[in-house]
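Undergrad: Below: one structure in structure tokens.
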Amino acid sequence: MIKAVKGTRDLLPPSTEVWNKVEAVAREVFRTYNYHEIRTPILEETQLFARGVGADTDIVTKEMYTFTDRDETSVTLRPENTASVIRAYIEHRLDQRPGVQKLYYMGPMFRRERPQKGRYRQFFQIGAEAIGSESPVVDAEVIEMVMEVLERAGLGGAKLLINSVGDHNCRPQYVEKLREELKDAAPQMCGDCQRRAETNPLRVLDCKVEADQPIIEKLPTIIDYLCDPCRAHFEAVKQYLGDRGIEYEVRPRMVRGLDYYMRTTFEVVHGALGAQNSVLGGGRYDGLAESLGSKVHSPGIGFSIGEDRLVMSVEGEQRATPLDLCVAPLGEAAVRHGAVMARDFRRAGVSVELVEGKLKRVMELANKLGARFTLIIGDNEMAAGRYALKDMTTGDQQSLTRDEIAARLAAARS
RNA sequence: GUGGGCGUAGCUCAGCUUGGUAGAGCGCCGGAUUGUGGUUCCGGUGGCCGAGGGUUCGAAUCCCUCCGCCCACCCCA
6 MIKAVKGTRD
16 LLPPSTEVWN
26 KVEAVAREVF
36 RTYNYHEIRT
46 PILEETQLFA
56 RGVGADTDIV
66 TKEMYTFTDR
76 DETSVTLRPE
86 NTASVIRAYI
96 EHRLDQRPGV
106 QKLYYMGPMF
116 RRERPQKGRY
126 RQFFQIGAEA
136 IGSESPVVDA
146 EVIEMVMEVL
156 ERAGLGGAKL
166 LINSVGDHNC
176 RPQYVEKLRE
186 ELKDAAPQMC
196 GDCQRRAETN
206 PLRVLDCKVE
216 ADQPIIEKLP
226 TIIDYLCDPC
236 RAHFEAVKQY
246 LGDRGIEYEV
256 RPRMVRGLDY
266 YMRTTFEVVH
276 GALGAQNSVL
286 GGGRYDGLAE
296 SLGSKVHSPG
306 IGFSIGEDRL
316 VMSVEGEQRA
326 TPLDLCVAPL
336 GEAAVRHGAV
346 MARDFRRAGV
356 SVELVEGKLK
366 RVMELANKLG
376 ARFTLIIGDN
386 EMAAGRYALK
396 DMTTGDQQSL
406 TRDEIAARLA
416 AARS
């Protein structure tokens with residue numbers, strides 16, 4: 006028995022209706038902010054992620070699906086999409102196009118982690134990138150937009166967390182300071198933290214071990230060490246969010262896992278997601294283009310929604326997709342007659358299922374399919390040009406002409 | 001990579017402690033006479049009990065190994 010590979014899954018109806026709805030909502034919101042879709046390959050040269058995401062990150066060191074192609078180049082199934090979008094931006098000289106480039110995407114990403122609730126090896130992201138501006142106005146607009154998507158997708162009770170992680174100017178100084186403090190503090194902390202103090206000091210900040218919290222609270226935060234330009238940027242972002250009435254919480258200890266982030270970072274969390282409670286993450290990446298070899302400075306900011314997680318927290322009771330009409334032809338001649346009628350109704354936008362068989366069986370099936378109406382076509386009906394249309398909710402049945410039926414169906418759909 | 005929980009019918013699960021070669025509900029299919037669904041009643045389909053090995057006269061049940069799924073750590077979407 007062949008099964009879906011570990012960490013991947015089949016999305017079946019009616020759940021796929023929810024996915025489509027979420028995607029449709031996102032596209033509609035993106036449209037109103039003048040974002041346009043970009044589709045990049047799922048397969049990229051491994052170098053792209055090593056340089057873009059960061060050679061020392063968990064993603065690159067142990068989570069990528071990498072293999073050697075037949076021409077000996079190393080290729081990787083994309084673990085995220087920002088690096089690809091920037092690659093495409095550089096490759097196609099989108100910096101030469103007028104204005105800020107506002108791009109969105111949706112599709113599968115791959116990371117070889119141990120699966121658990123809300124975490125899959127193939128997962129789907131809906132994301133957007135605004136490239137070509139350093140303005141905090143853009144930061145606020147991007148955040149506003151993604152919050153709009155969440156709200157219109159039906160997600161309630163989500164919490165927006167923001168932070169600034171500084172830039173190449175102030176962050177190294179902060180990390181240095183943190184390292185210093187940790188020399189004294191780390192020995193009293195959990196084993197993981199002692200290890201992290203060496204490898205990645207920033208990670209100590211979001212340790213969840215209860216006993217470590219008092220110590221962590223005394224450690225300096227990046228916010229206190231921001232250089233003036235970074236501080237001004239962060240203050241502006243907060244002000245613009247305030248102008249829009251967007252509620253947020255500053256989390257000075259929030260750390261992001263990708264190296265390219267600088268200045269603004271943000272995240273939205275939601276309960277009922279299990280331990281993986283983050284629905285989306287994003288931030289500014291002003292140096293990413295350069296680290297991918299671009300000669301033009303291309304500052305940008307973007308986010309990525311975990312679509313699996315969004316669907317999970319939005320998904321309520323799923324009712325089967327409604328069917329407008331079930332056609333029940335009685336006999337061979339009626340099947341031919343009914344098939345033509347079905348085509349005409351479909352052309353008018355009505356969803357139609359044509360079912361052969363004994364009337365009783367067809368009626369039972371129509372009921373199970375949730376058909377709004379059933380159209381019975383027998384010899385009498387064909388001779389008279391009037392057909393029996395049964396309203397499955399009320400049980401009423403009327404003898405109507407084609408045009409009358411079309412009108413009834415149209416009326417019921419509106 | 002490391003823990004913990006769980007694998008019995010399409011689905012949700014009982015049976016396992018105290019071994020005697022499988023059950024319920026739902027679903028699916030059919031019937032309750034002619035071209036009418038939902039409710040009810042009757043009948044039926046359906047399982048190498050995750051896989052392999054061991055103990056035993058006999059294993060879904062006890063023991064070992066493996067595999068799979070889930071949850072958590074880690075990390076992140």
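Letter by letter, the first sequence follows residues 6 to 419 in the working numbering.
Just so it is clear, CB atoms sit at the ideal spot from N, CA and C, and this is done for glycine as well.
(1) Shortest alpha-carbon distance to V151 belongs to which of A88, M317, V284?
(2) Considering only residues of the same chain and omitting the five flanking positions on each side of F35, which have a CB-CB separation below 7 Å?
(3) Using the Cα positions of E28 and R351, report the straight-line distance between them to the nearest angstrom.
(4) I need the boundaries of the beta strand (DSSP E) containing P177, first residue and last residue.
(5) Beta carbon of G311, beta carbon of L293: below 9 Å?
(6) Between which two residues does the beta strand (DSSP E) harbouring I228 extend?
(7) What are the partner residues of M267, as DSSP defines its beta bridges?
(8) Taking 8 Å as the cut-off, does the segment 323-340 touch the segment 137-145 (at least 3 CB pairs, one atom from each stretch)?
(9) For L17, does the count of other Cβ atoms within 10 angstroms reach 16, so buried, or fall short, so exposed?
(10) The ligand SAH and R184: does any heavy atom of the ligand fall closer than 8 Å to the residue's C-beta?
(11) Does DSSP put C331 in a helix, in a strand, or in coil?
(12) Given this structure, state the Cα-to-Cα distance separating E118 from T66, to the nearest angstrom.
(13) On the criterion of 16 or more Cβ atoms from any shown chain inside 10 Å, does H342 qualify as buried, or is it exposed?
(14) Cβ atoms of A333 and L405: under 9 Å apart, would you say?
(15) Can you check whether the CB of I148 is closer than 9 Å to the CB of F271?
(16) P84 and M69 - do their beta-carbons sit closer together than 9 Å?
(17) Let's see if you can read the secondary structure: which residues bound the alpha helix (DSSP H) around L414?
(18) Please report the residue range of the beta strand (DSSP E) in which M111 lies.
(19) Three or more C-beta pairs closer than 8 Å, one from the segment 220-235 and one from the segment 176-184: is that the case here?
(20) Go through its chain and collect everything with a Cβ distance to F72's Cβ below 7 Å, but skip five positions before and after it.
(21) For the beta strand (DSSP E) holding S169, just list the boundary residues, first then last.
(22) Can you tell me whether DSSP reads A339 as helix, strand or coil?
(23) Can you give the Cα-Cα distance for G212 and P206, rounded to whole angstroms?
(24) With C-beta atoms as the reference, is S303 less than 9 Å away from I95?
(25) Taking all protein chains shown into account, decide if E277 is buried (16 or more other Cβ within 10 angstroms of its Cβ) or exposed.
(26) Quick one: any contact between the segment 287-301 and the segment 87-94, if contact means 3 or more CB pairs under 8 Å?
(27) So what does I136 bridge to, in DSSP terms?
(28) Contact check, T78 vs E50 under 8 Å by CB: the rounded distance?
(29) For a quick check, are the C-beta atoms of V105 and A145 less than 9 Å apart?
(30) In whole angstroms, what separates the C-alpha of R268 from that of R236?
(31) When you compare the CB positions of L370 and L155, do they come within less than 9 Å of one another, or not?
(32) Rounded to whole angstroms, what is the Cα-Cα separation between A31 and F129?
(33) Of the residues Y253, P19, K8, A393, which one's Cα is nearest the Cα of I167?
(34) Would you decide whether V345 is buried or exposed? Buried here means 16 or more other CB atoms lie within 10 Å of its CB.
(35) Kindly indicate the opening and closing residues of the alpha helix (DSSP H) around V30.
TA: Short version:
(1) The residue you call residue 151 lines up with position 146 of the first sequence. It is V284.
(2) Residue numbering aside, residue 35 sits at position 30 when the first sequence is read from its first letter. Closer than 7 Å at Cβ, skipping near neighbours: Y109, A133.
(3) Taking the first residue of the first sequence as position 1, residue 28 is located at position 23. Taking the first residue of the first sequence as position 1, residue 351 is located at position 346. Near 25 Å, if we compare the C-alpha coordinates of R351 and E28.
(4) Reading the first sequence from its first residue, position 172 is the one you call residue 177. First-last for P177: 176-190, but that is the alpha helix (DSSP H), not the beta strand (DSSP E).
(5) Taking the first sequence and counting its residues from 1, the one referred to as residue 311 is at position 306. Taking the first sequence and counting its residues from 1, the one referred to as residue 293 is at position 288. Going by C-beta atoms, G311 is not nearer than 9 Å to L293.
(6) In the first sequence, residue 228 corresponds to position 223, counting from 1. Careful: I228 lies outside any beta strand (DSSP E) and carries neither H nor E.
(7) As a working note, residue 267 is residue 262 in the first sequence. Note: M267 sits in a beta bridge opposite R289.
(8) A contact is defined here as three or more CB-CB pairs under 8 Å, and the segment 137-145 fails this definition with respect to the segment 323-340.
(9) Your numbering for residue 17 matches position 12 in the first sequence. Exposed.
(10) This structure lacks the ligand SAH, and indeed carries no ligand of any kind.
(11) Walking along the first sequence from the start, residue 331 turns up at place 326. When secondary structure is reduced to three states using DSSP, C331 falls in the strand class.
(12) What you label residue 118 is simply residue 113 of the first sequence in a count that begins at 1. What you label residue 66 is simply residue 61 of the first sequence in a count that begins at 1. Using only the alpha carbons, I get a separation of about 12 Å.
(13) Residue numbering aside, residue 342 sits at position 337 when the first sequence is read from its first letter. So H342 ends up on the buried side.
(14) Your numbering for residue 405 matches position 400 in the first sequence. Your numbering for residue 333 matches position 328 in the first sequence. Not a contact, by the Cβ cut-off of 9 Å.
(15) For this step, residue 271 is matched to residue 266 along the first sequence. For this step, residue 148 is matched to residue 143 along the first sequence. Cβ distance < 9 Å, so F271 and I148 count as in contact.
(16) Numbered from 1 along the first sequence, position 64 holds the residue referred to as residue 69. Numbered from 1 along the first sequence, position 79 holds the residue referred to as residue 84. Yes, the pair counts as a contact, with Cβ atoms nearer than the cut-off.
(17) Mapped onto the first sequence, residue 414 falls at position 409. Where L414 is concerned, the enclosing alpha helix (DSSP H) stretches over 407-418.
(18) Counted from its first residue, the first sequence places residue 111 at position 106. Run containing M111: 106-115, per the beta strand (DSSP E) assignment.
(19) yes
(20) For this step, residue 72 is matched to residue 67 along the first sequence. V80.
(21) Counting from one through the first sequence, the residue named residue 169 turns up at place 164. Taken as a continuous stretch (DSSP letters only), the beta strand (DSSP E) holding S169 covers 164-169.
(22) The count along the first sequence starts at 1 and reaches residue 339 at position 334. It is helical.
(23) Position 207 of the first sequence, counted from the start, is the residue given in the question as residue 212. Position 201 of the first sequence, counted from the start, is the residue given in the question as residue 206. Residue identity check: residue 212 is Cys in the sequence provided, not Gly. Each residue's alpha carbon lies about 11 Å from the other.
(24) Stepping through the first sequence from its first residue, residue 303 is reached at position 298. Stepping through the first sequence from its first residue, residue 95 is reached at position 90. Contact: yes.
(25) On the first sequence, residue 277 is found 272 positions in, with the first residue counted as 1. Just to set this straight, residue 277 is Ala in the shown sequence, not Glu. Exposed is the call here.
(26) The segment 287-301 is in contact with the segment 87-94.
(27) Your numbering for residue 136 matches position 131 in the first sequence. I136 is bridged to Q106, G305.
(28) Taking the first residue of the first sequence as position 1, residue 78 is located at position 73. Taking the first residue of the first sequence as position 1, residue 50 is located at position 45. Right, the Cβ-Cβ distance comes to about 6 Å (below 8 Å), so this counts as a contact.
(29) Position 100 of the first sequence, counted from the first residue, corresponds to residue 105. Position 140 of the first sequence, counted from the first residue, corresponds to residue 145. Contact flag unset, no.
(30) Walking along the first sequence from the start, residue 268 turns up at place 263. Walking along the first sequence from the start, residue 236 turns up at place 231. Looking at the two C-alpha atoms, the distance is approximately 9 Å.
(31) Here residue 370 refers to the residue found at position 365 when the first sequence is read from its first residue. Here residue 155 refers to the residue found at position 150 when the first sequence is read from its first residue. No.
(32) Here residue 31 refers to the residue found at position 26 when the first sequence is read from its first residue. Here residue 129 refers to the residue found at position 124 when the first sequence is read from its first residue. Distance from the CA atom of A31 to the CA atom of F129, rounded to whole angstroms, is 13 Å.
(33) Within the first sequence, numbered from 1, the residue matching residue 167 stands at position 162. Nearest option by C-alpha distance: Y253.
(34) Sequence index remark: in the first sequence, residue 345 carries index 340 (1-based). Classification of V345: exposed, given that the 10 Å Cβ count is below 16.
(35) As a first step, residue 30 is located in the first sequence; it is residue number 25 there, counting from the start. Where V30 is concerned, the enclosing alpha helix (DSSP H) stretches over 20-37.
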